[in-house]
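Mapping of the sequence shown onto the numbering used here: position 247 corresponds to residue 247, and the numbering continues sequentially without gaps. Note that the Cβ used here is the ideal one computed from N, Cα and C, for glycine as well. Data block below; observations after.
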Amino acid sequence: MLSLLEVSRGSRGDTDMTSKTLDIYIDYKSPYAYLAIAPARTFERDFDVALNWLPFTLDIASYRGSAEVDDERRLLHEDRTAYQWRRVRYAYMDVRRHANLRGLTILGTQKIWDSSLAGIGMLYANRQGVFRAYTDIVYERFWRRELDIEDETVIAEVLAAAGADTKAFAEFVSGEGRIALDTVHSRADEFGVFGVPTIVLDGEIFWGREQFPMVRLRLNELGLARGDGEALVDLAYPWRPGGAGVGWA
């Protein structure tokens, strides 16, 4: 059975000579995962680990209902309870509070998107060695409502902008990429992954960026901190005056 690293990176399944690989699941339609990207990158900076980024397609409608609005935010249709609407409104208020501190734009989506194609694009980007650029472009443009993540041509254009050779992308989408995405989802189910961002460390799942300090603590305990001594555990609000003072890569 292929490892998740091999599923994700294909022939590029090798990593730098790091002591441990952390699987981290994200979904481009999750604003919480968007906010987690920069702090997650500090794991590789501060510890002798490699991150294996994996796509996890959330089924948002199953727990938060669904709705669609037009460009003027007029409601076109909905299938949500009052309780679900309160949760959705709070979630966007919460992520904007954090996004505003970092100068990020997060606009409410007009519908619940199918992000599986963008996830296949992530796997392709991994294999092309352009994951970081691809992910930065997708998140920034999608949350400005400037990117259709359900359009294969659009995703191919993003991959090209990130530096990928896209000649084989269409074939990848219809074949190996879809199989790889299904494999990632099956492994995620085995681990018990249910949301994003989720890190899997030695078979244990840590859901949400608020769990990142716990992951950093565990990595310190495993003796994986780079340099002398232990790495800082709590990186909450490093951009804020009086905060940890540790910038994000």
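Practice prompt. For the beta strand (DSSP E) containing Trp53, list its first residue and its last residue.
Written response: Residue mapping note: residue 53 aligns to position 53 of the sequence shown, counting from 1. Taken as a continuous stretch (DSSP letters only), the beta strand (DSSP E) holding Trp53 covers Val49 to Pro55.
Worksheet item: Which residues mark the beginning and the end of the alpha helix (DSSP H) in which Phe206 is found?
Response: Residue 206 sits at position 206 when you count from the first residue of the sequence shown. Counting along the chain, Phe206 sits inside no alpha helix (DSSP H); it lies in the beta strand (DSSP E) bounded by residues Glu204 to Trp207.
Worksheet item: What first and last residue would you give for the alpha helix (DSSP H) that runs through Ile137?
Response: Working through the sequence shown from its first residue, we reach residue 137 at position 137. Run containing Ile137: Phe131 to Phe142, per the alpha helix (DSSP H) assignment.
Discussion item. Let's test the definition: count the other Cβ atoms within 10 Å of the Cβ of Gly103 and tell me whether it reaches 16, buried, or not, exposed.
Written reply: Within the sequence shown, residue 103 is the residue found at index 103, counting from 1. Looking at its Cβ environment, which holds fewer than 16 other Cβ atoms inside 10 Å, Gly103 is exposed.
Practice prompt. Could you tell me the distance, in whole angstroms, from the CA atom of Ser19 to the CA atom of Thr81?
Written response: Along the sequence shown, one-based indexing puts residue 19 at 19. Along the sequence shown, one-based indexing puts residue 81 at 81. Taking the CA atoms as reference points, Ser19 sits about 47 Å from Thr81.
Discussion item. Quick check on Tyr25: does DSSP put it in helix, strand or coil?
Written reply: Taking the first residue of the sequence shown as 1, we reach residue 25 at position 25. Strand.
Discussion item. Is it buried or exposed, Lys29, if we count other Cβ atoms within 10 angstroms and call 16 or more buried?
Written reply: As a working mapping, residue 29 is identified with position 29 in the sequence shown. The residue in question, Lys29, is buried, as its Cβ has 16 or more Cβ neighbours within 10 Å.
Discussion item. Report the CB separation of Ile199 from Leu22 in whole angstroms; it is logged as a contact under 8 Å.
Written reply: Here residue 199 refers to the residue found at position 199 of the sequence shown. Here residue 22 refers to the residue found at position 22 of the sequence shown. The C-beta distance from Ile199 to Leu22 rounds to 6 Å, short enough to meet the 8 Å contact threshold.
Worksheet item: If you count every other CB in all the chains shown that lies within 10 Å of the CB of Ala170, and 16 or more means buried, which is it?
Response: For this step, residue 170 is matched to residue 170 along the sequence shown. Exposed, since its Cβ has fewer than 16 Cβ neighbours within 10 Å.
Worksheet item: Since Ile155 contacts Leu117 with CB under 8 Å, what's their CB separation in whole angstroms?
Response: Here the question's residue 155 lines up with position 155 in the sequence shown. Here the question's residue 117 lines up with position 117 in the sequence shown. The C-beta distance from Ile155 to Leu117 rounds to 6 Å, short enough to fall under 8 Å.
Item to complete: Return yes when the Cβ of Ile26 is within less than 8 Å of the Cβ of Leu51, no when it is not.
Response: For the purposes of this step, residue 51 is taken as residue 51 along the sequence shown, with counting starting at 1. For the purposes of this step, residue 26 is taken as residue 26 along the sequence shown, with counting starting at 1. Cβ atoms of Leu51 and Ile26: not closer than 8 Å.
Worksheet entry | Beta-carbon contacts of Gly192 that lie in its chain and below 7 Å, excluding the five residues immediately before and after | Residue numbering aside, residue 192 sits at position 192 when the sequence shown is read from its first letter. For Gly192, where only same-chain residues beyond five positions count, the Cβ hits under 7 Å are Ile205.
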